[in-house]
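Enquirer:
In the working numbering, the protein residues as written are 245 to 788.
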């Protein structure tokens with residue numbers, strides 16, 4: 245008699261959830277790294293005090309960016325003034341430990357078109373003329389704003405960027421007749437201030453057509469006046485209320501003669517135009533999801549079109565002044581909400597290979613997976629700002645008013661225009677479990693940036709402290725106490741700070757930072773026990 249032996253049920257490996265991230269800067273990297281944490285069952289790095297799910301969810305994250313590395317865009321004013329800092333500001337993606345994981349794939353290229361209904365994206369790799377179709381389950385649009393030279397570098401490879409930056413730096417160094425910066429927005433202010441800080445003997449003049457600086461920002465006049473006062477205090481000459489009518493090159497000494505609207509003229513060896521308006525890089529999306537200026541119309545959950553599409557950072561249509569702290573915050577919300585949606589569609593157990601058993605299993609899983617996603621939602625952001633002006637800084641919030649001084653600069657930007665703050669907050673220097681070794685050594689000096697080296701235990705990310713060291717913008721002398729505009733160390737004693745010799749007027753520095761934090765964080769779900777304190781430092785040159 246023939247006996248048929250029943251074979252054991254074969255469990256098919258679940259397919260990974262494909263997440264396409266367009267943009268590898270603040271919002272995009274925050275989304276990718278936090279999502280990887282969640283899908284591997286860990287608490288997300290931005291809210292380490294939250295409970296880990298411990299549920300493993302297969303995910304494949306593809307990050308597409310025109311640049312071949314993470315560029316600290318808000319540090320552009322210094323990167324284009326200091327050769328040493330320009331090397332620090334750009335880290336190739338292959339040298340970022342946090343991205344060396346089998347679940348993360350980096351693509352050096354750009355997205356030319358997205359089919360939202362079919363969930364496909366057309367990708368143009370930088371190293372090929374052939375377009376590639378990329379299917380996805382979730383899309384995060386975080387490609388930021390398009391900014392012109394010399395607001396940000398235009399090169400997409402680190403080695404070419406360094407040449408571009410060095411050329412600009414050499415032109416400034418050779419400017420014996422001085423440098424003129426045209427435009428009194430945040431970009432122009434910061435560029436003029438950093439040039440003067442790096443080249444103190446060079447005459448730097450800023451020209452603005454309106455009577456007050458920051459004229460396009462919804463900020464009080466007192467803050468704009470304080471910014472003007474600080475800019476002049478660091479040695480920058482400021483001309484307001486006069487428009488540039490023409491520029492002509494003097495063939496004798498190669499200086500540029502600038503004619504103003506009142507008929508006056510001035511000569512300069514180097515002219516920087518900082519008045520061009522930035523535009524959203526959203527041409528790959530259909531017009532139906534954009535407003536008239538090209539910003540993505542998002543829900544408070546950061547979704548658009550449907551539950552599979554998200555936008556974060558500067559391209560998202562939301563209230564408030566564009567800030568990198570807000571961009572990282574948005575990215576973390578995208579990660580949380582995608583993870584919640586994945587949980588809502590994930591069966592309680594893998595599907596059997598047998599068709600009959602799959603039908604039986606699905607009938608149970610339809611009930612078992614009826615999980616309602618708990619989305620985090622943004623609230624309206626008021627106009628808050630923190631702006632670095634050479635060796636000082638100014639900050640404003642509606643409830644705390646205006647604060648300024650060297651301590652504000654140190655507290656909000658650290659010693660490197662926020663590079664260490666952002667790099668450490670996203671924990672880019674820490675390799676995740678199951679990593680692939682970087683292809684070359686990271687150029688980041690961990691002793692200078694305070695980043696925790698891979699393999700070092702760090703059980704919990706706490707809130708920020710003030711740096712206690714005194715280092716230059718280009719290189720640290722000793723390890724800093726973690727300072728964080730978005731938080732990763734224990735809060736320092738604000739009372740001691742406010743009564744320190746460097747702050748004799750008992751200025752409430754902490755108060756304005758707390759207000760900035762409140763404007764950047766909101767959620768419809770439970771709030772984490774420990775949240776960042778300083779997410780709103782403003783750098784209008786940022787991109788995501």
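For every residue, glycine included, the Cβ atom is placed at its ideal position computed from N, Cα and C.
(1) Alpha carbon to alpha carbon, how far is residue 339 from residue 631? Give it in angstroms, no decimals.
(2) Which runs of the beta strand (DSSP E) at least 3 residues long sit entirely within the segment 616 to 675? Give them in chain order.
(3) List the whole-angstrom C-beta distance separating residue 571 from residue 271, where the pair is believed to meet the contact cut-off of C-beta under 8 Å.
(4) Where residue 315 and residue 485 are concerned, what is the direct C-alpha to C-alpha distance, given to the nearest angstrom?
(5) Below 8 Å, can you find three or more Cβ-Cβ pairs linking the segment 519 to 534 to the segment 499 to 508?
(6) Candidates 325, 473, 372: which alpha carbon is nearest residue 415's?
(7) Check each candidate in 671, 411, 280 and name the one with the smallest Cα separation from residue 263.
(8) Across the segment 572 to 592 and the segment 643 to 654, are there enough close Cβ pairs to call them in contact, namely three or more that are closer than 8 Å?
(9) Quick one: Cα of residue 286 to Cα of residue 516, how far?
(10) Out of 387, 640, 362, 372, point me to the one whose CA is closest to residue 379's CA.
(11) Where do the ends of the alpha helix (DSSP H) carrying residue 434 lie?
(12) In terms of residues, what are the limits of the alpha helix (DSSP H) holding residue 447?
(13) Counting only the same chain and skipping the five closest in sequence on each side, list residues whose C-beta sits under 6 Å from that of residue 566.
(14) Going by C-alpha distance, which of 259, 310, 591 is nearest residue 372?
(15) Going by the CB atoms, is the gap between residue 308 and residue 276 shorter than 7 Å?
(16) For residue 280, does the three-state DSSP call read helix, strand or coil?
(17) Name, in chain order, the residues that DSSP records as bridge partners for residue 512.
(18) Determine the burial state of residue 397: buried for a count of at least 16 other Cβ atoms within 10 Å of its Cβ, exposed for fewer.
(19) Are the CB atoms of residue 353 and residue 367 nearer to each other than 7 Å?
(20) Taking the Cβ atom as the reference point for each residue, do residue 395 and residue 440 lie within a distance shorter than 7 Å?
(21) If you check the beta carbons only, do residue 265 and residue 348 fall under 7 Å apart?
(22) Looking only at DSSP bridge pairs, what is residue 382 linked to?
(23) Can you tell me the Cα-Cα spacing of residue 425 and residue 449, whole angstroms?
(24) For the structure I just gave you, are there three or more beta carbon pairs, one from the segment 451 to 468 and one from the segment 419 to 439, closer than 8 Å?
(25) Can you list, in chain order, the stretches of the beta strand (DSSP E) that have 3 or more residues and sit fully within the segment 280 to 324?
(26) Consult DSSP for residue 585 and reduce its assignment to one of helix, strand or coil.
(27) Quick one: grab the DSSP three-state call for residue 257.
(28) Could you have a look at residue 343 and say whether DSSP puts it in helix, strand or coil?
(29) Is DSSP giving residue 471 helix, strand or coil here?
(30) Express the C-alpha separation of residue 321 and residue 442 in angstroms, rounding to a whole number.
(31) From this set, 539, 418, 278, which residue's C-alpha is nearest residue 294's C-alpha?
(32) In angstroms, rounded to a whole number, what distance separates the CA positions of residue 258 and residue 552?
(33) In the DSSP output, what is residue 352 paired with across the bridge?
(34) Does the distance from the C-beta atom of residue 548 to that of residue 533 stay below 7 Å?
Expert: The relevant details are as follows:
(1) Mapped onto the chain shown, residue 631 falls at position 387. Mapped onto the chain shown, residue 339 falls at position 95. Straight-line measurement puts the Cα of residue 339 at about 29 Å from the Cα of residue 631.
(2) Listed in chain order, they are 629 to 633, 636 to 641, 645 to 649.
(3) On the chain shown, position 327 is the one that residue 571 refers to. On the chain shown, position 27 is the one that residue 271 refers to. 4 Å between Cβ atoms; contact.
(4) Along the chain shown, one-based indexing puts residue 315 at 71. Along the chain shown, one-based indexing puts residue 485 at 241. Roughly 34 Å between the two C-alpha positions.
(5) They do not touch, by the three-pair rule.
(6) Position 171 of the chain shown holds residue 415. The residue with the shortest Cα to Cα distance from residue 415 is 325.
(7) As a first step, residue 263 is located in the chain shown; it is residue number 19 there, counting from the start. Checked all of 671, 411, 280; the closest Cα to residue 263 is 280.
(8) With a cut-off of 8 Å on Cβ pairs, the segment 572 to 592 is not in contact with the segment 643 to 654, counting fewer than three such pairs.
(9) Along the chain shown, read from residue 1 onward, the residue named residue 286 stands at position 42. Along the chain shown, read from residue 1 onward, the residue named residue 516 stands at position 272. Between the alpha carbons of residue 286 and residue 516 lies a distance of about 47 Å.
(10) Taking the chain shown and counting its residues from 1, one reaches residue 379 at position 135. Minimum Cα distance to residue 379 is reached at 362.
(11) As a position in the chain shown, residue 434 is number 190, starting the count at 1. For residue 434, the enclosing alpha helix (DSSP H) has its first and last residue at 430 to 442.
(12) One-based indexing of the chain shown puts residue 447 at position 203. Neither: residue 447 is in no alpha helix (DSSP H) and is coded neither H nor E.
(13) Walking along the chain shown from the start, residue 566 turns up at place 322. Same-chain partners within the cutoff: 558.
(14) The residue labelled residue 372 in the question sits at position 128 within the chain shown. Distance check between residue 372 and each of 259, 310, 591 places 310 closest, using alpha-carbon atoms only.
(15) By one-based count along the chain shown, residue 276 stands at place 32. By one-based count along the chain shown, residue 308 stands at place 64. No, Cβ-Cβ distance for residue 276 and residue 308 is not below 7 Å.
(16) Position 36 of the chain shown, counted from the start, is the residue given in the question as residue 280. It is helical.
(17) Residue 512 sits at position 268 when you count from the first residue of the chain shown. Per DSSP, 500.
(18) On the chain shown, position 153 is the one that residue 397 refers to. Classification of residue 397: buried, given that the 10 Å Cβ count is 16 or more.
(19) Residue mapping note: residue 353 aligns to position 109 of the chain shown, counting from 1. Residue mapping note: residue 367 aligns to position 123 of the chain shown, counting from 1. Yes.
(20) In the chain shown, residue 395 corresponds to position 151, counting from 1. In the chain shown, residue 440 corresponds to position 196, counting from 1. No, they are not a contact pair.
(21) Against the chain shown, residue 265 aligns to sequence position 21. Against the chain shown, residue 348 aligns to sequence position 104. In this structure, residue 348 does not lie closer than 7 Å to residue 265 by Cβ.
(22) Taking the chain shown and counting its residues from 1, the one referred to as residue 382 is at position 138. Bridge partners of residue 382: 263.
(23) Sequence index remark: in the chain shown, residue 425 carries index 181 (1-based). Sequence index remark: in the chain shown, residue 449 carries index 205 (1-based). In a straight line, the C-alpha of residue 425 is about 6 Å away from that of residue 449.
(24) yes
(25) 303 to 309, 313 to 315
(26) By 1-based counting over the chain shown, the position of residue 585 is 341. Helix at residue 585.
(27) Locating residue 257 in the chain shown gives position 13, where the first residue counts as 1. Coil at residue 257, not helix or strand.
(28) Sequence index remark: in the chain shown, residue 343 carries index 99 (1-based). If DSSP states are grouped into helix, strand and coil, residue 343 belongs with the helices.
(29) Translated into positions along the chain shown, residue 471 becomes position 227. Looking at residue 471 - three-state DSSP - the assignment turns out to be helix.
(30) If you number the chain shown from 1, residue 442 lands on position 198. If you number the chain shown from 1, residue 321 lands on position 77. Each residue's Cα considered, the two are about 11 Å apart.
(31) Taking the chain shown and counting its residues from 1, one reaches residue 294 at position 50. If we check each option's Cα against that of residue 294, 278 comes out closest.
(32) Position 14 of the chain shown, counted from the start, is the residue given in the question as residue 258. Position 308 of the chain shown, counted from the start, is the residue given in the question as residue 552. Each residue's alpha carbon lies about 19 Å from the other.
(33) For the purposes of this step, residue 352 is identified with residue 108 of the chain shown, where counting begins at 1. DSSP, once it has assigned bridges, lists 309 as partnering residue 352.
(34) By 1-based counting over the chain shown, the position of residue 548 is 304. By 1-based counting over the chain shown, the position of residue 533 is 289. Yes.
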